[in-house]
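>
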Amino acid sequence: MEDLKTFLLQKVLLYESDTLTAETEKVLQQIRREKTSIPVIYVSSGTSSIIAGSEKTFAALKTYAAENQPDTLIVKVGCTGPANFEPLVSIQMPGKNKLFFRNISEEKVEPLLNGVFHNDINDDDLVGQSGSHGFELWPGISFITDHPFFARQKRIILSNCGCYDPESIEEYIARGGYRSYVKAIRNYTFEEVCDIIEKSGLRGRSGGGYQTGVKWKQALSTSSNARYLICNAKESDPGAFADRTILESDPHRLIEGIAIASYAIGASSAIIYLRSGSDHARMRLQKAIQMAHEYGLFGHNILSSGYNLDIIIKKEPGAFVCGEETALINSLEGKRGMPQLKPPYPTTSGLSGKPTVINNVETLMNVPLIMQNGPEWFRSIGTQTSPGTKVFAVAGRGRLSGVIEVEMGTNLKTIIDDIIDGIKDGKEFKAVQLGGASGTFITSADLDTLVDFDLMREKGIGMGAGGFIIIDENTCMVDLVRYYMEFIRNESCGKCIPCREGTGRMLEILESVIRKPANEDSGTTLERFKGVMQLETISTVMKDASLCGLGQTAPNPFISALKNFRDEFEEHIFDRKCRSNVCRGLRTFSIDVEKCTGCTACAAKCPVNAIYGTRLQPFFIVEEKCTGCGVCYDICKFSAISVK
Amino acid sequence: MEIDLDEIIKKYKSGRREDLIPLLQEIQEVADYLSEAAIVKIGNHLGLSTTKIYGLATFYDQFRFFPTGKVHLKVCHGTSCFMTGSQSIINKLKEETGIDPGQTTRNGNFSYELVSCMGGCNSGPVISVNGEYKTHIKAEHIPDLIRKLKYIIDND
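Chains as they are written, first to last, in our numbering: chain X, -16 to 627; chain C, 804 to 959.
This is how it looks when you write it as structure tokens:
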């Protein structure tokens, strides 16, 4: 092990020439397991795979291999992306292309391996094959790059995800890792690194789209005895998991990105601000940092370059508002995570009053790639004003979900129709929402929008940090807006009045729209209508007067929902109807006399005893008592209960 | 189990304000919740009044001031799980256990909390029972689950 470390340091990281010797390449190829003489099995092991049961699959693979093919190597890798395919297993037989299989649960392991080891492949679970280095093709099997999910993607940030063991630094170095970092600290000055990033046109991926190179230069040009770099890996939007997948699958590249960014701004300490729930990601990051330390890539006087760097991980204590830069800094200083007035911006006075740069995970993942391939290469990807790619965490009602990466300038329709393969269960598409709890809804009319910071802003759409929620006809927009508002109300820090009071009032009004009042008279309809008009006023005030982004963007879902789905709001207010049958308060259930057999199942389960009748005779529901919970509807075996 | 708070506090020698959150986090990790005694001790060490510490700790969602139940459930309330019906699960849990999220039942058996996304968006709604994930949960599974867990607790 010690020999390998010295070898990698001397012959790869500190090697003078850019092209390595053929002998070194051979060793690297072996570390990358490109030429193997034994079968290698890769099992995904991110959080989403573990939820899908990959640990059990791993154990089953181990048992099978021990019994039948003892020389098999089984490696845990990160998630590749498609969450529907978990647990994803790929198998590389000696001299042949790699095969990908999806949904390999524990019990499928034996038939699968029996098949692969004896050249008889079961097509049901097969995704495709991959490989190019003169390996033998599997006849009649399509390439994974032709699979619709992968074909339209441009994977540069995710290129390593699911390909290597995230707990092995050797493999990362063999894949070209840490070389650009070592080159940067040995050959470039701070300004030169900033220049390269500025030239590449990299923009912050956290939603704002601010030029990263410019931001770094601002921090660098502020004179100070200490500077800090913070990697914002908080990502606490409901339904966002892109950063976590990256952290779990490719922690080394993130750390390299942080290290290069720290060097560029002359910071000697970097902090990863990590979401509290992701223990799996924290463990992997910790291990990665420790291994890089052992290689002498961090610490004091790194590789005799005179540069010092320490990376530490801080767990966030759980507050959505801490995604805001100034609130984040406050929380790191041991205070309540409340935002502050800007300016001064953190780049001039941040953590402990020192210049601080805060970048998010995706932005920093781009940095090693740009240093490696040059700014021109980066500019050649994407659009003129927004070069590069964008990672989205697709969730909701699409047929496929997971983490995807597309080139800037791809239109949203391509993502939904080709990559996600349409809507689940053949339902009707309703809208897509980008950017988590404060994002706007995009209807089918705007689906030709291209993924690009400026083009989207022109249309009033925020790109967000990576949430991509697909909504189908089964989702009630009013209820969804209420859900987001409830989330924001709970997370509002309470410092400024427009946000603290505004979110509370908005939630109250939205709740009154979907609630069933005790006694309905004509006055309340008018009140509800007035209430929604009031919401528009509150939204404007919140947009103008809130202190930070949380309050300013909080009304976004409501505004865009009202604009695009006005009829749904009107139905709720005037007709007291929810077309998706989601809003509990507005549902009325009735029993079909013809179909009801009088089995008493519904009457026994009704939580408020609103169902009456005699056994083996049709039952009936007392509307006044019914709360609309829907238990009877779910339990009826004869579909005798209908919803209106 | 007796937990030596001094051992943990000793690790944070510098006694600066920045140490407050990591210190609280570490104590909660070991002791499961922040007791009054712990808060007073931290206050003495960092030179902060207990009101200041409570003011900070109650601001953040992560900190608890009561022990969790023998069975701790986490219910995913992310957008994806919400769309597949996590709200009805929460309502059902409320009904079955008689407590709100973040509370613990009087007998100390159950507690549950809402989390924003656990990462199983594809197989929602997801809940975790003492760290073990359960997918595709429906509201009608909850009474059975609670009954089963009760049985396990009673026979433990």
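Ideal Cβ placement from N, Cα and C applies to all residues, glycine included.
#1: Could you tell me if the beta carbon of aspartate 106/X falls within a distance shorter than 6 Å of some heavy atom in the ligand GTP?
#2: Just list the residues that DSSP pairs cysteine 879/C with in beta bridges.
#3: Output needed for glycine 279/X: all residues of its chain with C-beta closer than 7 Å, excluding positions within five of it in sequence on either side, in chain order.
#4: What's the gap between the Cα of serine 543/X and the Cα of threonine 423/X?
#5: Determine the closest residue to proline 221/X out of Leu44/X, Pro234/X, Gly611/X and Ala302/X, with distance taken between C-alpha atoms.
#6: Let me know if histidine 101/X comes out buried or exposed under the rule of 16 or more other beta-carbons within 10 Å of its beta-carbon.
#7: Let me confirm a value: asparagine 592/X is counted as buried when at least 16 other C-beta atoms fall within 10 Å, else exposed. Which label applies?
#8: Got a sec: which bits of the segment 912 to 932 of chain C sit with their beta carbon under 8 Å from any beta carbon on chain X, in order along the chain?
#9: Tell me the DSSP secondary structure of glutamate 307/X in three-state form.
#10: How many angstroms separate the CA atom of serine 189/X from the CA atom of phenylalanine 281/X?
#11: In terms of DSSP beta bridges, what is glutamate 249/X paired with?
#12: When the Cα atoms are used, what is the spatial distance from glutamate 898/C to proline 590/X?
#13: Can you confirm whether threonine 30/X, when its beta carbon is compared against all beta carbons of chain C, has any partner nearer than 7 Å?
#14: If we count the other Cβ atoms within 10 Å of its Cβ and call it buried at 16 or more, is threonine 94/X buried or exposed?
#15: Under 8 Å: do the segment 544 to 560 of chain X and the segment 455 to 463 of chain X share three or more Cβ pairs, one atom per stretch?
#16: Is glycine 632/X near phenylalanine 436/X, with beta carbons less than 7 Å apart?
#17: Which one of Ala310/X, Thr397/X and Gly611/X has the shortest CA to CA distance from asparagine 894/C?
#18: Among Ala48/X, Glu231/X, Arg549/X and Ile168/X, which has the Cα closest to the Cα of glycine 289/X?
#19: Throw me the rounded Cβ distance for the threonine 205/X and proline 338/X pair, which I believe falls under 8 Å.
#20: Given 8 Å as the limit, is there contact between the segment 875 to 894 of chain C and the segment 845 to 856 of chain C, that is, 3 or more CB pairs closer than that?
#21: Counting only beta-carbon atoms, is glutamine 828/C nearer than 7 Å to chain X?
#22: For cysteine 214/X, which residues does DSSP report across the bridge?
#23: Show which residues of chain X have a CB atom less than 9 Å away from the CB atom of phenylalanine 866/C.
#24: Identify each residue in the segment 170 to 187 of chain X for which the Cβ-Cβ distance to at least one residue of chain C is less than 7 Å, and report them in chain order.
#25: Below 8 Å on the Cβ atoms is my guess for glutamate 388/X versus lysine 137/X; work out the distance and round it to an integer in Å.
#26: If contact is defined by three or more beta carbon pairs under 8 Å, each pair taking one atom from either stretch, is the segment 383 to 399 of chain X in contact with the segment 936 to 950 of chain C?
#27: Could you pull the start and end residues of the alpha helix (DSSP H) that aspartate 437/X belongs to?
#28: What number of angstroms, rounded off, separates the C-alpha of lysine 499/X from the C-alpha of glycine 568/X?
#29: Figure out for me which residue from Ile956/C, Cys879/C, Asn912/C and Gly911/C has the closest Cα to the Cα of isoleucine 34/X.
#30: On the premise that lysine 198/X lies in contact with threonine 330/X, defined as a C-beta separation below 8 Å, what is that separation, rounded to the nearest angstrom?
#31: Shortest alpha-carbon distance to serine 918/C belongs to which of Ser931/C, Tyr857/C and Asn912/C?
#32: In three-state terms, what does DSSP make of aspartate 54/X?
#33: Is lysine 937/C helix, strand or coil when you go by DSSP?
#34: Quick one, which of Asn291/X, Glu17/X and Phe548/X has its alpha-carbon nearest histidine 283/X's?
#35: Let me know the alpha helix (DSSP H) ranges lying completely inside the segment 144 to 207 of chain X, each 4 residues or longer, listed in chain order.
#36: From which residue to which residue does the beta strand (DSSP E) around phenylalanine 68/X run?
Inspection of the coordinates gives the following:
#1: Among the components modelled here there is no ligand, and therefore nothing to report on the ligand GTP.
#2: Val918/C
#3: Ile285 and Leu286
#4: 6 Å
#5: Ala302/X
#6: exposed
#7: exposed
#8: Val918, Ser919, Cys920, Met921, Gly922, Gly923, Cys924, Asn925, Ser926 and Val929
#9: coil
#10: 27 Å
#11: For the record, residue 249/X in the displayed sequence is glycine; it is not glutamate. The partner list for glycine 249/X (beta bridge, DSSP) is empty, contrary to what the question assumes.
#12: 9 Å
#13: yes
#14: In the sequence as presented, threonine is not what sits at residue 94/X; that position holds proline. Answer is exposed; the Cβ neighbour count stays below 16.
#15: yes
#16: An answer regarding residue 632/X cannot be provided, because it is not within the stretch -16 to 627 covered by chain X.
#17: Gly611/X
#18: Ile168/X
#19: 4 Å
#20: no
#21: yes
#22: Ile255/X and Asn342/X
#23: Pro300 and Gly301
#24: none
#25: 6 Å
#26: no
#27: 436 to 441
#28: 5 Å
#29: Cys879/C
#30: 6 Å
#31: Sequence inspection shows valine at residue 918/C; the serine mentioned does not correspond to that position. Measuring from the Cα of valine 918/C, the nearest candidate turns out to be Ser931/C.
#32: coil
#33: strand
#34: Asn291/X
#35: 152 to 157, 162 to 170, 173 to 183 and 195 to 204
#36: Run containing phenylalanine 68/X: none; DSSP gives neither H nor E here.
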